[in-house]
Amino acid sequence: MFFLSSTALSQLGKNNASKSVLRRIGKAGARDGTQVLANGGVAAICALAALSDNPIWQVAFVGAIAAATADTWGTEIGALQSTPPRSILSGKHVATGLSGGVSLLGSVAELAGAVLLGAIAWSIHASPVFFAIVAGGFGGALFDSILGASVQALRFCRGCGTFCESDPHHCGADTTLVRGAAWMTNDAVNLLSTAAGAAIAAAIYAVR
Ligand SMILES: [Zn+2]
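Numbering (this note's numbering), first residue to last: 70 to 277.
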C-alpha cells in the first residue's frame, strides 16, 4: 500500500505546480538506492526480526511503513495547498515543500495515510493494533517535521536566490549550508523518522 499509494501520488502530481516546487527544492525525482534504503531499511530489519515469531516486530514493521506513508502523503498532498506552510517549530511561513513546514492539508494527509495503514494492519493482525500503527505513523511523520525544522540540512542557492535541500541545486549551481548538519539529508531524516514510527508503534503495542 505504501508503494502503490506513493507511486500513484507522484504520478498524479507529475505535471502540476507542486511537483515542480518539490523538484526545485531537491525532493522530487527518480527514486535511487539511497532513498529506498532510507524509507525501507528500518522496515526490512523489522521484517527479518519478525522471523523470530515475536509479533512486536510485525507491529514495528508496519509502524515504520506507516511513518513513510504518512510523510509521503503529507509532502505530496500538502504541496497542493495554496497558502504557504508554517515551520512546525517557529510558526513562521516557509516555502512550500521545504522540510519542517506543516499545513492543515498536509497534516490531514499524514493522518489519513497512517489511518489507512492502521486499518489494513488491524484487518490482518489477530490483536488490536490500529491505534499503535496510527500513532507510529503520525508520530513518525511529526518527528520528521521537527527534524526538518531543526537539524536537517537547509541550503541556499545563490544562482536562484532560493532555499533548497540538495547540493548542487536543481539548476546546477553549488549551494551553501545555512542551517543544520550537512550529513543530515532528507534521506537521513527519513531513516530516523521511520525508526521513530517503528519504536512508537512497538512501545504502544507492548504496554497495551
Ligand atoms: Zn539554483
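Note that beta-carbon positions come from the ideal geometry of N, C-alpha and C, so glycine has one too.
None of these values were measured; they are calculated from a predicted model.
Taking a 10 Å sphere around the C-beta of arginine 224, we find 16 or more other C-beta atoms and assign the residue as buried.
Judged by their CB atoms, valine 111 and alanine 133 are nearer to each other than the 7 angstroms cut-off. Contact annotation, glycine 170 with valine 163: C-beta distance approximately 4 angstroms; criterion of less than 8 angstroms satisfied.
Per DSSP, the unbroken alpha helix (DSSP H) holding valine 258 starts and ends at 255-276. Around the beta carbon of proline 197, a 10 Å sphere encloses fewer than 16 other beta carbons of the protein chains shown; the residue is thus reported as exposed. In this structure alanine 135 touches glycine 266 by the C-beta definition: roughly 6 angstroms separates them, less than 8 angstroms. Beta-carbon to beta-carbon, alanine 251 and valine 128 are separated by about 35 angstroms, too far to satisfy the 8 angstroms threshold.
Here threonine 231 carries a strand assignment [DSSP, helix/strand/coil]. Within its own chain, the residues whose Cβ lies closer than 7 angstroms to the Cβ of alanine 119, once the five positions on either side in sequence are excluded, are Trp126, Gln127 and Phe130, listed in chain order.
Membership of cysteine 226 in the beta strand (DSSP E) is indicated by the continuous run 223-226.
Partner residues in a beta bridge of valine 90, as assigned by DSSP, do not exist. Taking glutamine 104 as the centre and dropping the five residues before and after it, the same chain places the C-beta of Asp256 closer than 7 angstroms to its C-beta, in chain order. In chain order, Ile146, Gly147, Leu149 and Gln150 place their CB closer than 7 angstroms to the CB of leucine 174, counting only its own chain and leaving out the 5 sequence neighbours on each side.
Taking serine 214 as the centre and dropping the five residues before and after it, the same chain places the C-beta of Ile157, Gly169 and Val171 closer than 7 angstroms to its C-beta, in chain order. Short note on alanine 242: C-beta closer than 6 angstroms to some heavy atom of ligand 1. Ligand 1 never approaches histidine 194 closely enough for any of its heavy atoms to be under 6 angstroms from the residue's Cβ. In this structure, glycine 143 sits away from glutamate 234, with a CB-CB distance that is not shorter than 7 angstroms.
The alpha helix (DSSP H) runs of length 4 or more contained entirely in the region 106-158 are, from start to end of the chain, 125-147.
Contact between glycine 217 and valine 258 holds, with the beta-carbon distance rounding to 6 angstroms and staying under 8 angstroms. Separation of arginine 277 and phenylalanine 199 (C-alpha to C-alpha, rounded to the nearest whole angstrom) is 12 angstroms.
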